[in-house]
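In our numbering, the protein residues as written are 4 to 962.
Built from N, CA and C at the ideal position, the CB exists for glycine as well.
Remember, predicted model here, so these are calculated numbers, not experimental data.
In structure tokens:
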């Protein structure tokens, strides 16, 4: 059967166009019930004898939830207690457009045959298709379509012999529920139905606390006006009108990591580093925005503009309903001559809420855990506010890491309301803490699916004559790899040999991952989703299965492997005469660590092919680095540490700063050169859709902390160009403080924008520039085992040299940009997760011990010092003034211009050396943190005496 509808519309040119929409209806769509005798084929999706699991309705039945139930209550629906659920096409389509996370979860459960969930295509069924009436809203039409489907199912099943199965509609919409009752349907609210499932009491804790009076237009239901703590959010319709008129701006809210009362709204979407921002300060102006939300902001009059506070503040309020906040009063009273564009959040355009990991806050009165069901949940992510939840399992959950979802944030509540989702395990267990890290940073870490594993080549894998026919045979060349110790995913290998004409042949050989990962396959989709391999202290979350990452793609020593090779002919001055790109077969002669390669270079008695190649590479790398630096490339700094692990307990027993050798720089130079050469080649071939990487130049205002830091030691830091900055940093040397230059470069690193992947067709060529490397064009080609960006670049290069064929999404600039957006997000999250893993193991290392250590003041805040401990690569906070001073407290005087902190005749300046005592404060189990006490310089009533004997860190084993 065919239905059609005619639409008439006016084009931009003024002509009238008639459009006919055709909709095909069928009468052979199965109902999905095993007991049905009327459908032409039997199905096993819905059980023939469904057991009623709710005391509310004893009769055997199937359930049909509406869209909002799936959106808000999937933490309950996803539990195994729910079976025989019919998901209508109307609901699936709404989910796909309104809530992609719920849509993806529904698709997962539909693929699990044990759950007996069935998708019914009601929009294409002859008897359930529902035409929209004139003047009817889309939401009302969808509700009517759902009721029509329930009605059809009831009548259809009654026609089957011996079938006495009902169909129950689950909805929280009062109007929909009322109409369903009038039409004689069995209907319940979702909460009523779940509370009747007395065999599954834990489900009640997972019920989302959703206000049934919330409207789809974004206008919230308001309750007791006398207790309002926040302004009312504007209606979405009003927000949209004001956005068009330019009186409001839209952006993504990013909460401050250092002060819970502040945040910024970035107008460039996800790209914080390359977009304008508006500063938000104070609870009422934050107006219930949660980190990651897309919000509407009203710019304040200029006389109300403020600037970020120099206070380091955490929300430590123990009573959730307190209205007065001394921290807020102190922040808002502070006046400053420095002001930035400031605003107030007036509405939420899109919530970006997700499940959050964390812990329950113990009741303020001891022993109350067994008497209360109301708790505050403290998220592991400091930028997320605490969440009110109700649970009857509080006594058990207090010692566990749990997951909680936010349901709503009423105007009369200081914190949002949510519900318990699941427990991850006991606090402090490494597996539990690692799970928290992965979930909090949104790292895909589930085992690879069967569909992905089915894409892998069968073993034994061998290289055939057919392969050699389309590749260069480089097995005779003295190629070797140089990597960190323990590396098994070896992406790259190198070689260098002198030619008869006196020039050098230099080769970079990269694992040919794109040979094994073909476009459009399950393994390709999974790699694109993961985006990057994530490195934790004790494990690696691979982007591709281990058979590829550590075996078939890894360029292991003395094994034949496929590679994508870049070969240059260079002069003795490292000038490139020509470049070649081709696919090859290599056989690495050695898989060396940086130390092993350095020893070979330095040992004059060694003159084998590999060693000679390494020496030539090292010589040319030094020339290449000099050329880069002369062009204005920056050499920045960060703290990286390495843990020595106990082989039995896998606890850290020692920590040391990573030492970089010449060979580190040698490998880096040739990887950079390969990336630059490939970027030029793919852009020549694909000017509209090449996947490139850019590093925007920071705004001059970003350099203020660096300029001030340089002036504190008498150095003028020039920032008008990358070259000027590089020269200023090179000149800033304090002989009596050799670590000063490193710290200054660390401050410079924090002033930088984030490097980003992008599609060449969406930006002008002038924006391709990579500020840090001082090159006009750049990409990532050299690590395809651990970065999906490199896989795409390999495909582009292969097409450019005629080694492979293209496909539609590869040459679509918009598809490439969508991919780049995900890669930028995944890359950033992987970095944050890696740092969090180091922080976790640092806390484990310092457990049950107090250490005295030399450090430096990296930043000076109004109430704290940020202290860097070079030995541990650790940055900690030493708090000075409390917000409420006592009679015996040492009073510090803060000079913002210096910046300095002074007390008792002692002045502390940026980069000054200090001696501190460090231990782990366990009073807050959720956020265990390093606590510092000052030893030197000595300040009466504030400093502590030195330890009589420092514990032997290297010999002490953590139990």
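Worksheet item: Does the segment 666-683 come close enough to the segment 770-788 that 3 or more CB-CB pairs lie under 8 Å?
Response: yes
Worksheet entry | Pair within 7 Å by beta-carbon distance, residue 123 and residue 113 | Taking the chain shown and counting its residues from 1, one reaches residue 123 at position 120. Taking the chain shown and counting its residues from 1, one reaches residue 113 at position 110. No. Outside cutoff.
Fill in: Nearest residue (CA-CA) to residue 199, options 871, 846, 60
On the chain shown, position 196 is the one that residue 199 refers to. Looking at the Cα atoms, 60 is the closest of the given residues.
Item to complete: Write down the C-beta distance between residue 789 and residue 445 rounded to the nearest angstrom, noting that I regard them as a contact closer than 8 Å.
Response: Indexing the chain shown from 1 puts residue 789 at position 786. Indexing the chain shown from 1 puts residue 445 at position 442. Actually they do not touch by this definition, with Cβ atoms about 18 Å apart.
Worksheet item: By Cβ distance below 7 Å, which residues in the same chain neighbour residue 965 in space, the five residues on each side in sequence not counted?
Response: The requested residue 965 does not occur in the structure, where the chain is confined to residues 4 to 962.
Fill in: Proximal residues to residue 783 (C-beta, below 7 Å), its chain only, five neighbours per side dropped
As a position in the chain shown, residue 783 is number 780, starting the count at 1. 678, 696, 790, 792, 793, 796, listed in sequence order.
Worksheet item: What distance in whole Å lies between the Cβ atoms of residue 558 and residue 591, which are believed to be in contact at a cut-off of 8 Å?
Response: In the chain shown, counting from the first residue as 1, residue 591 sits at position 588. In the chain shown, counting from the first residue as 1, residue 558 sits at position 555. That belief holds up - the Cβ atoms of residue 591 and residue 558 are roughly 5 Å apart, short of 8 Å.
Discussion item. Counting C-beta neighbours from all protein chains within 10 Å, is the total for residue 589 16 or more, i.e. buried, or is it exposed?
Written reply: On the chain shown, position 586 is the one that residue 589 refers to. Looking at its Cβ environment, which holds 16 or more other Cβ atoms inside 10 Å, residue 589 is buried.
Item to complete: Would you tell me roughly how many angstroms separate the C-alpha atoms of residue 702 and residue 755, rounded to the nearest one?
Response: Along the chain shown, one-based indexing puts residue 702 at 699. Along the chain shown, one-based indexing puts residue 755 at 752. When rounded, the distance between both Cα atoms is 9 Å.
Discussion item. Helix, strand or coil for residue 965? Go by DSSP, reduced to three states.
Written reply: Shown here, the chain extends from 4 to 962; a query on residue 965 therefore has no answer.
Discussion item. Taking its Cβ as the centre, do 16 or more other Cβ atoms sit within 10 Å of residue 465, making it buried, or is it exposed?
Written reply: Sequence index remark: in the chain shown, residue 465 carries index 462 (1-based). Exposed: under 16 other Cβ atoms inside 10 Å.
Worksheet entry | Segments assigned alpha helix (DSSP H), at least 4 residues, entirely inside the segment 444-514 | 453-456, 468-472
Discussion item. Pairs of beta-carbons, one from the segment 136-144 and one from the segment 160-173, closer than 8 Å: are there three or more?
Written reply: no
Worksheet item: Exposed or buried, which one is residue 518 when buried takes at least 16 other CB atoms within 10 Å?
Response: Taking the first residue of the chain shown as 1, we reach residue 518 at position 515. Under this definition residue 518 is a buried residue.
Discussion item. Out of 636, 190, 100, 68, which one is the CA nearest neighbour of residue 86?
Written reply: Taking the first residue of the chain shown as 1, we reach residue 86 at position 83. The shortest C-alpha separation from residue 86 is found at 68.
Discussion item. Quick test of the definition: if touching needs 3 or more C-beta pairs under 8 Å, does the segment 82-98 touch the segment 183-192?
Written reply: no
Worksheet item: Considering only the beta carbon of each residue, do residue 410 and residue 258 sit closer than 7 Å?
Response: Numbered from its first residue, the chain shown carries residue 410 at position 407. Numbered from its first residue, the chain shown carries residue 258 at position 255. Contact flag unset, no.
Worksheet entry | Paired residues, beta bridge with residue 879 - DSSP | Position 876 of the chain shown, counting from 1, holds the residue named residue 879. Beta-bridge pairing links residue 879 to 870.
Fill in: Complete runs of the beta strand (DSSP E) confined to the segment 683-753 [at least 3 residues]
694-697
Fill in: Enclosing beta strand (DSSP E) for residue 360 [first to last residue]
In the chain shown, residue 360 corresponds to position 357, counting from 1. Per DSSP, residue 360 belongs to the beta strand (DSSP E) from 359-364.
Worksheet entry | Residues bridged to residue 833 (per DSSP) | Walking along the chain shown from the start, residue 833 turns up at place 830. Partner(s): none; residue 833 has no beta bridge.
Worksheet item: Are the segment 442-462 and the segment 573-589 in contact at 8 Å, needing three or more beta carbon pairs?
Response: no
Practice prompt. Pull up the distance between the alpha-carbon of residue 855 and that of residue 872, whole angstroms please.
Written response: Walking along the chain shown from the start, residue 855 turns up at place 852. Walking along the chain shown from the start, residue 872 turns up at place 869. Rounded to whole angstroms, residue 855 to residue 872 spans 11 Å at the Cα level.
Practice prompt. Mind listing, in chain order, the continuous beta strand (DSSP E) runs of no fewer than 3 residues lying wholly within the segment 905-945?
Written response: 909-912, 916-924, 932-939
Worksheet entry | residue 857 - containing beta strand (DSSP E), residue span | As a first step, residue 857 is located in the chain shown; it is residue number 854 there, counting from the start. Counting along the chain, the beta strand (DSSP E) containing residue 857 begins and ends at 854-863.
Worksheet item: Touching or not, the segment 236-252 and the segment 291-308, by the rule of three or more beta carbon pairs under 8 Å?
Response: yes
Item to complete: Indicate the three-state DSSP secondary structure (helix, strand or coil) for residue 355 in the structure shown.
Response: For this step, residue 355 is matched to residue 352 along the chain shown. Residue 355 falls in the coil class under three-state DSSP.
Worksheet entry | Those residues which DSSP pairs with residue 210 across a bridge | Counting from 1 along the chain shown, the entry for residue 210 is found at position 207. Bridge partners of residue 210: none, in fact.
Discussion item. Below 8 Å, how does it come out for the segment 703-720 and the segment 904-921: are there three or more Cβ pairs, yes or no?
Written reply: yes
Worksheet item: Who pairs with residue 963 in a beta bridge, going by DSSP?
Response: Residue numbering for the chain in the displayed model covers 4 to 962; residue 963 lies beyond these limits and cannot be assessed.
Worksheet item: Do residue 686 and residue 758 come within 7 Å of each other at the CB atom, strictly closer than that value?
Response: For this step, residue 758 is matched to residue 755 along the chain shown. For this step, residue 686 is matched to residue 683 along the chain shown. No, the pair does not count as a contact, with Cβ atoms beyond the cut-off.
Practice prompt. Would you mind stating whether residue 297 and residue 345 have Cβ atoms separated by less than 7 Å?
Written response: Here residue 297 corresponds to residue number 294 of the chain shown, with the count starting at 1. Here residue 345 corresponds to residue number 342 of the chain shown, with the count starting at 1. For residue 297 and residue 345, no; Cβs fall outside 7 Å.
Worksheet item: Tell me, which residues are paired with residue 122 by DSSP?
Response: The count along the chain shown starts at 1 and reaches residue 122 at position 119. Its beta-bridge partners are 90.
Worksheet entry | residue 161 - DSSP class collapsed to helix/strand/coil | The sequence position of residue 161 within the chain shown is 158, counting from 1. DSSP places residue 161 in helix when its eight states are reduced to three.
Discussion item. Our contact map puts residue 262 next to residue 314 with C-beta atoms below 8 Å; I'd like the distance itself, whole angstroms only.
Written reply: Position 259 of the chain shown, counted from the first residue, corresponds to residue 262. Position 311 of the chain shown, counted from the first residue, corresponds to residue 314. Correct: roughly 6 Å between the Cβ atoms.
Practice prompt. Please report how far the alpha carbon of residue 537 lies from the alpha carbon of residue 595, in whole angstroms.
Written response: Within the chain shown, numbered from 1, the residue matching residue 537 stands at position 534. Within the chain shown, numbered from 1, the residue matching residue 595 stands at position 592. Answer to the nearest angstrom: the Cα atoms are 23 Å apart.
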